[in-house]
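Engineer: In terms of the working numbering, the sequence shown opens at residue 18 and continues consecutively.
We put the beta carbon where it would ideally sit given N, CA and C, even for glycine.
Please read these numbers as outputs of a predicted model, since none were measured by experiment.
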Amino acid sequence: MSDYSNLIQAILEGNYVRCVELTNEALDEGASPQDMVSSGLQAGMLIVGDKFSAGDFFIPDMLLAARAVTRAMEAIRPRLSDSEMPTLGRVVIGTVSGDIHDIGKNLVAMFLRGVGFEVFDLGTGVPVARFVTAVKEHNPDIVGMSALLTTTMPDMQHVIAALDSAALLSQVKVIVGGAPVTQRFADQIGADGYAPDGGATISLCRKLLEE
Ligand code: B1M
Numbered sequence: 018m019s020d021y022s023n024l025i026q027a028i029l030e031g032n033y034v035r036c037v038e039l040t041n042e043a044l045d046e047g048a049s050p051q052d053m054v055s056s057g058l059q060a061g062m063l064i065v066g067d068k069f070s071a072g073d074f075f076i077p078d079m080l081l082a083a084r085a086v087t088r089a090m091e092a093i094r095p096r097l098s099d100s101e102m103p104t105l106g107r108v109v110i111g112t113v114s115g116d117i118h119d120i121g122k123n124l125v126a127m128f129l130r131g132v133g134f135e136v137f138d139l140g141t142g143v144p145v146a147r148f149v150t151a152v153k154e155h156n157p158d159i160v161g162m163s164a165l166l167t168t169t170m171p172d173m174q175h176v177i178a179a180l181d182s183a184a185l186l187s188q189v190k191v192i193v194g195g196a197p198v199t200q201r202f203a204d205q206i207g208a209d210g211y212a213p214d215g216g217a218t219i220s221l222c223r224k225l226l227e228e
C-alpha cells in the first residue's frame, strides 16, 4: 500500500488541482486505482466527515474537499471497471413527500458518495410508494429519509410501514435525518438510526453495515 498522506492533505485543504496532480502522478507510477480510492480518497473524506461532525470543518470546507475528491475520482474512473470500484454499500436517499428541502439531503448524499457509498438519490417530495419501488430496483443496504418540516416528518413512519408491508424492511436499514428529526423520533417510528449531520451519517451507515 502506498503513502497517500500528501493526497489526503490536499483533500483536507480542498486543493483539487493538487489532488488531481497527485492522483495522476501516483497512477503513472503504478499505484493501484482501487487502493488509491479506498486508502487515499475515501480515507481523506472520512477525516473530512469526522472534522465536520466535530465542528472543526464547516460546509464550505466540506464542499471544497468533496470537489477535490470528485475531480480525483474522475481521473481514476477510466482505469476501473464498475465491478472494481470499491464500494462500502448502497444507499437509497430522498426527501419525503410534501417536502422540497434538499440542501441537507444533497450534502449527506455527497458525503456518502465521497467515502465510497453508491448512492441513489430519489430527489425531493418522494412519495411513499417510490421508496418501496426504489428498494426493489436498487437493492440497497440502507434507505435514508430527510425531512425539514414538522408536518412532513410523519411520512417517514409511513415509508417504514410500507417497506414492512412489502416484506422489504428486514432487507434494509432505515435511517432518518433533517433539522426537526431527533433520535427520540427515530426510535418512536422504528428507524434503525438517526444522524444529525453528514459526518455522523457516514459513521452511522458504516456502523449499521457492520451489524
Ligand atoms: Co424552508 N423551512 N420552507 N425553505 N427552510 C425551514 C425548514 C424552517 C425551519 C424555517 C423557519 O421557519 N425557521 C421552516 C420549517 C418549520 C417547521 O416545520 N417547524 C420552513 C418552512 C416553514 C418552509 C415553507 C413551508 C415556507 C413557506 O412556503 N411558507 C416552505 C416549504 C416548502 C415545502 O417543502 N413544501 C419552505 C421553503 C424553503 C425554500 C424553498 C425557500 C428553501 C429550501 C431550498 C432547498 O432546500 N432547495 C428553504 C430553506 C433554505 C430553509 C432553511 C432556512 C434552511 C434549510 C437548510 O437548507 N439548512 C430552514 C431553516 C433552518 O433549518 N434553520 C427552513 C442547511 C442544511 C445543510 O441543513 O437541511 O438541516 P439541514 O441538513 C443537515 C442535517 O439536518 C442533516 O445533515 C445535513 C447536513 O449537515 N440531515 C440529515 C439532513 N437530512 C438528513 C438525512 C439523513 C441524515 C442527516 O439521513 C438520511
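For Asp-204, does the three-state DSSP call read helix, strand or coil?
Structural biologist: Helix, per DSSP.
Engineer: Report the rounded CA-to-CA distance for Gly-210 versus Glu-46, giving the unit in angstroms.
Structural biologist: 42 Å
Engineer: How would you label Gly-140, buried or exposed, when you count the other beta carbons within 10 angstroms and need 16 or more for buried?
Structural biologist: Looking at its Cβ environment, which holds fewer than 16 other Cβ atoms inside 10 Å, Gly-140 is exposed.
Engineer: Which first and last residues belong to the beta strand (DSSP E) in which Phe-134 is found?
Structural biologist: Judged by DSSP secondary structure, Phe-134 falls within the beta strand (DSSP E) whose first and last residues are 134-138.
Engineer: Nearest by alpha-carbon distance to Thr-169: which of Ala-183, Pro-157, Ala-151, Val-198 is it?
Structural biologist: Val-198
Engineer: On the three-pair Cβ rule with 8 Å, is the segment 26-36 touching the segment 99-111?
Structural biologist: Result no; under three Cβ-Cβ pairs closer than 8 Å.
Engineer: What does the Cβ neighbour count give for Pro-157, buried or exposed, with the cut at 16 atoms within 10 Å?
Structural biologist: Burial of Pro-157 is indicated by the presence of at least 16 other C-beta atoms within 10 angstroms of its C-beta.
Engineer: Confirm the yes/no value for this check: CB of Lys-190, any heavy atom of ligand 1, distance under 7 Å.
Structural biologist: no
Engineer: For Ser-163, is the beta carbon positioned less than 7 Å from some heavy atom of ligand 1?
Structural biologist: yes
Engineer: Is the Cβ-Cβ distance between Met-62 and Val-125 less than 8 Å?
Structural biologist: no
Engineer: Output yes or no for whether 8 Å exceeds the beta carbon distance between Ala-27 and Leu-44.
Structural biologist: no
Engineer: Should Asp-15 be counted as a contact of ligand 1 given a C-beta to heavy atom distance under 7 Å?
Structural biologist: Nothing about residue 15 can be read from this structure; the chain reaches only from 18 to 228.
Engineer: Could you tell me which residues DSSP puts in a beta bridge with Ser-163?
Structural biologist: Thr-112, Gly-194
Engineer: So Ile-219 packs on Leu-81, CB below 8 Å; how close in whole Å?
Structural biologist: With 8 Å as the limit, Ile-219 and Leu-81 do not qualify as a contact, their Cβ atoms being about 17 Å apart.
Engineer: Taking all protein chains shown into account, do 16 or more other C-beta atoms lie within 10 angstroms of the C-beta of Ile-206, making it buried, or fewer, making it exposed?
Structural biologist: buried
Engineer: Report buried or exposed for Gln-59, applying the criterion of at least 16 other Cβ atoms within 10 angstroms of its Cβ.
Structural biologist: Result: buried.
Engineer: Among the residues of its own chain, which have a CB less than 7 Å from the CB of Arg-147, if the five just before and after it don't count?
Structural biologist: Leu-139
Engineer: Residues in the same chain with beta-carbon distance under 6 Å from Gly-183, minus the five sequence neighbours each way, listed in chain order, please.
Structural biologist: The question names Gly, but residue 183 in the sequence shown is Ala. The residues are Val-149.
Engineer: Give a yes or no on whether the C-beta atoms belonging to Pro-50 and Ile-110 are separated by under 8 Å.
Structural biologist: Result no, Cβ atoms of Pro-50 and Ile-110 do not sit closer than 8 Å.
Engineer: Taking the CB atoms as reference points, tell me whether Val-136 and Val-160 lie closer together than 8 Å.
Structural biologist: no
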